[in-house]
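Written out below as structure tokens is the structure these notes cover.
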Amino acid sequence: MDEAPGGILMVAGLSTGCQKNDAEVKKKVVYNGPLLEATNVTMLVSDSAKLQIKLTAPVSQQFESGDQVYPKGMKVTFYSKDGGIVNTLQGKYGRYDKAKDLYLVRSDVRVSNEEKKQKMNSEELYYDKQKAIIYTEKFVRVETPTEILTGTGLTANQNFSRYKILKPAGVFTVETPVEE
1 MDEAPGGILM
11 VAGLSTGCQK
21 NDAEVKKKVV
31 YNGPLLEATN
41 VTMLVSDSAK
51 LQIKLTAPVS
61 QQFESGDQVY
71 PKGMKVTFYS
81 KDGGIVNTLQ
91 GKYGRYDKAK
101 DLYLVRSDVR
111 VSNEEKKQKM
121 NSEELYYDKQ
131 KAIIYTEKFV
141 RVETPTEILT
151 GTGLTANQNF
161 SRYKILKPAG
171 VFTVETPVEE
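Mapping of the sequence shown onto full-length UniProt numbering: position 164 corresponds to residue 164, and the numbering continues sequentially without gaps.
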């Protein structure tokens, strides 16, 4: 008789252990990683059969939300109406937010306007496709054929032909008209 009560307790202990494992098994595992990964990606955007934008990246990851990540960098090339390269934007990391239709480029960001021979460097830059603008709140360095400009924050058209440094810093050359 002494064995029966001990056996009952042992079964009750095993029963409780199984219920805990069943609860752990019922937990859902949520996967937040990419649904699709592609290598050597080229995306072309055209209007009326004329190339406007070309995006290239060594790796592209697409998520359930439609967002995309370019973990090994990306390059965006903007074309003129006649098909010539106007501007390039590149960085070592990129992200596309589908809900905002906004690109974020980080780490050694470089913008180059081929026509005006202007270059810009920053650590972070946004490209708003709908508004056709690029902007940042970070430190920027703009190099033109005649000067080097620095400051914090920048807004520009996507072609980088017109830009504004929000908080300029450094020494600037200002030409004053000569009176005769």
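Note that CB positions come from ideal geometry on N, CA and C, so glycine has one too.
The Cβ atoms of Val142 and Ser122 lie no closer than 7 Å to each other. The beta carbon of Phe63 is closer than 6 Å to those of Pro34 in its chain, skipping five residues each way along the sequence. Using a Cβ distance threshold of 7 Å, Leu89 and Arg95 do not count as a contacting pair. Taking C-alpha positions only, Met43 is separated from Leu55 by approximately 5 Å. Taking the Cα positions, Gly83 is about 19 Å away from Val111. Lys116 and Lys28 have their C-alpha atoms some 56 Å from each other. Distance from the CA of Pro58 to the CA of Ala169, rounded to the nearest whole angstrom, comes to 36 Å. Asp128 and Glu137 have their C-alpha atoms spaced approximately 14 Å apart.
Around the C-beta of Asn87, 16 or more other C-beta atoms lie within 10 Å, and the residue is accordingly described as buried.
Of Tyr93, Lys81, Ser161, the smallest CA-CA separation from Tyr126 is found for Tyr93.
Annotation: the continuous beta strand (DSSP E) that includes Arg141 extends over 133-143. For Pro168, the enclosing beta strand (DSSP E) covers residues 163-169. Scanning its chain for C-beta atoms nearer than 6 Å, with the 5 sequence neighbours on each side dropped, one finds around Leu36 the residues Gln62, in chain order.
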